[in-house]
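Residue numbers for the sequence shown follow this note's numbering, so the first one is 209 and each next one is one higher. One structure below.
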Amino acid sequence: MKINIVCPSRYKINRAFIRKIIREYLDNKGIKVGEETVLNVAFVGKNKMRQLAARYKSEDEALPVLTFPIQEKIEDESLLGEIVVCYPTAVLMAAEKEKPVDKIIKFLLEHALNVLFKI
209 MKINIVCPSR
219 YKINRAFIRK
229 IIREYLDNKG
239 IKVGEETVLN
249 VAFVGKNKMR
259 QLAARYKSED
269 EALPVLTFPI
279 QEKIEDESLL
289 GEIVVCYPTA
299 VLMAAEKEKP
309 VDKIIKFLLE
319 HALNVLFKI
(Lines of atoms letter the chains of each structure in order from A and count residues from 1; the text may use other names and numbers.)
(Lines give C-alpha, C1' and ligand atoms only; values in the text may rest on other atoms or scores of the structure.)
Protein backbone atom coordinates (compact mmCIF):
# COMPACT_ATOMS: atom_id res chain seq x y z
CA MET A 1 0.00 0.00 0.00
CA LYS A 2 1.17 3.46 -0.85
CA ILE A 3 0.39 6.09 1.80
CA ASN A 4 0.65 9.70 0.63
CA ILE A 5 0.96 12.22 3.46
CA VAL A 6 0.36 15.91 2.79
CA CYS A 7 1.29 18.27 5.58
CA PRO A 8 2.46 21.87 5.85
CA SER A 9 5.96 22.16 7.29
CA ARG A 10 4.67 24.12 10.31
CA TYR A 11 3.00 20.97 11.67
CA LYS A 12 5.29 18.53 13.43
CA ILE A 13 4.25 15.27 11.78
CA ASN A 14 6.35 12.11 11.88
CA ARG A 15 5.51 10.54 8.51
CA ALA A 16 7.07 7.19 9.44
CA PHE A 17 4.88 7.09 12.57
CA ILE A 18 1.74 7.79 10.50
CA ARG A 19 2.59 5.01 8.04
CA LYS A 20 3.33 2.64 10.94
CA ILE A 21 -0.06 3.37 12.57
CA ILE A 22 -1.90 2.64 9.33
CA ARG A 23 0.04 -0.54 8.54
CA GLU A 24 -0.38 -1.85 12.09
CA TYR A 25 -4.11 -1.13 11.92
CA LEU A 26 -4.42 -3.12 8.69
CA ASP A 27 -2.39 -6.01 10.12
CA ASN A 28 -4.36 -6.07 13.40
CA LYS A 29 -7.70 -6.08 11.57
CA GLY A 30 -6.53 -8.65 9.00
CA ILE A 31 -7.25 -6.28 6.11
CA LYS A 32 -5.37 -7.13 2.94
CA VAL A 33 -4.78 -4.43 0.36
CA GLY A 34 -2.68 -4.60 -2.77
CA GLU A 35 0.60 -2.82 -3.39
CA GLU A 36 -1.17 -0.64 -5.97
CA THR A 37 -3.65 0.64 -3.36
CA VAL A 38 -3.24 4.31 -2.40
CA LEU A 39 -4.44 6.09 0.74
CA ASN A 40 -4.06 9.86 1.04
CA VAL A 41 -3.68 11.44 4.49
CA ALA A 42 -3.74 15.23 4.79
CA PHE A 43 -3.12 17.42 7.81
CA VAL A 44 -4.86 20.77 7.58
CA GLY A 45 -5.56 23.85 9.69
CA LYS A 46 -8.82 24.92 11.28
CA ASN A 47 -9.97 27.14 8.41
CA LYS A 48 -9.56 24.42 5.80
CA MET A 49 -11.23 21.82 8.02
CA ARG A 50 -14.11 24.20 8.71
CA GLN A 51 -14.56 24.63 4.92
CA LEU A 52 -14.54 20.86 4.37
CA ALA A 53 -16.94 20.22 7.26
CA ALA A 54 -19.33 22.90 5.96
CA ARG A 55 -19.25 21.50 2.45
CA TYR A 56 -19.45 17.78 3.16
CA LYS A 57 -21.08 17.53 6.60
CA SER A 58 -23.07 20.80 6.80
CA GLU A 59 -21.29 21.59 10.06
CA ASP A 60 -19.68 24.92 10.88
CA GLU A 61 -16.76 23.75 12.99
CA ALA A 62 -13.25 22.40 12.61
CA LEU A 63 -13.89 18.70 13.07
CA PRO A 64 -10.90 16.66 14.27
CA VAL A 65 -10.99 14.23 11.33
CA LEU A 66 -12.92 13.57 8.14
CA THR A 67 -12.84 10.41 6.04
CA PHE A 68 -13.64 10.23 2.35
CA PRO A 69 -13.98 6.66 1.03
CA ILE A 70 -13.35 6.82 -2.70
CA GLN A 71 -12.46 3.36 -3.98
CA GLU A 72 -11.81 4.14 -7.61
CA LYS A 73 -9.20 3.02 -10.09
CA ILE A 74 -6.88 5.70 -11.47
CA GLU A 75 -4.46 4.45 -14.10
CA ASP A 76 -2.47 1.62 -12.47
CA GLU A 77 -3.41 2.55 -8.91
CA SER A 78 -6.50 1.98 -6.82
CA LEU A 79 -7.41 4.98 -4.65
CA LEU A 80 -8.90 3.70 -1.40
CA GLY A 81 -9.79 7.07 0.06
CA GLU A 82 -8.63 10.19 1.84
CA ILE A 83 -8.31 11.03 5.52
CA VAL A 84 -8.13 14.67 6.57
CA VAL A 85 -6.92 15.49 10.09
CA CYS A 86 -7.19 18.96 11.63
CA TYR A 87 -3.80 19.28 13.30
CA PRO A 88 -4.63 22.27 15.56
CA THR A 89 -7.77 20.48 16.81
CA ALA A 90 -5.70 17.35 17.52
CA VAL A 91 -3.26 19.47 19.54
CA LEU A 92 -6.15 20.98 21.54
CA MET A 93 -7.63 17.53 22.16
CA ALA A 94 -4.25 16.32 23.41
CA ALA A 95 -3.98 19.25 25.82
CA GLU A 96 -7.54 18.74 27.10
CA LYS A 97 -7.00 15.03 27.68
CA GLU A 98 -3.43 15.51 28.92
CA LYS A 99 -2.11 13.03 26.37
CA PRO A 100 0.70 13.23 23.81
CA VAL A 101 -0.31 14.62 20.41
CA ASP A 102 0.91 11.41 18.73
CA LYS A 103 -1.55 9.38 20.81
CA ILE A 104 -4.45 11.61 19.72
CA ILE A 105 -3.38 11.45 16.08
CA LYS A 106 -3.26 7.65 16.36
CA PHE A 107 -6.78 7.66 17.84
CA LEU A 108 -8.08 9.93 15.05
CA LEU A 109 -6.44 7.85 12.31
CA GLU A 110 -7.84 4.62 13.74
CA HIS A 111 -11.30 6.20 13.89
CA ALA A 112 -10.95 7.33 10.27
CA LEU A 113 -9.81 3.87 9.18
CA ASN A 114 -12.82 2.31 10.95
CA VAL A 115 -15.05 4.60 8.91
CA LEU A 116 -13.12 3.86 5.73
CA PHE A 117 -13.42 0.10 6.18
CA LYS A 118 -16.92 0.28 7.74
CA ILE A 119 -15.81 -1.37 10.99
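Even for Gly, the Cβ is constructed at its ideal location relative to N, Cα and C. All figures in this text were calculated on a predicted structure; none of them were measured in a lab.
Item to check | Exposure label - I291; buried when at least 16 CB within 10 Å | outcome: buried
Next on the checklist: Which of the three DSSP states is assigned to K326 in this structure?
Outcome noted: coil
Checklist entry - Counting along the chain, where does the alpha helix (DSSP H) carrying N255 start and finish? => result K254 to K265
Checklist entry - Thinking C-alpha only, which one of A298, L288 and I312 is nearest K326? => result L288
Next on the checklist: Am I right that V293 and V273 are in contact with their C-beta atoms under 8 angstroms? What's the rounded C-beta distance?
Outcome noted: 5 angstroms
Checklist entry - Between V241, N236 and R258, which lies nearest to I211 when the distance is taken from Cα to Cα? => result V241
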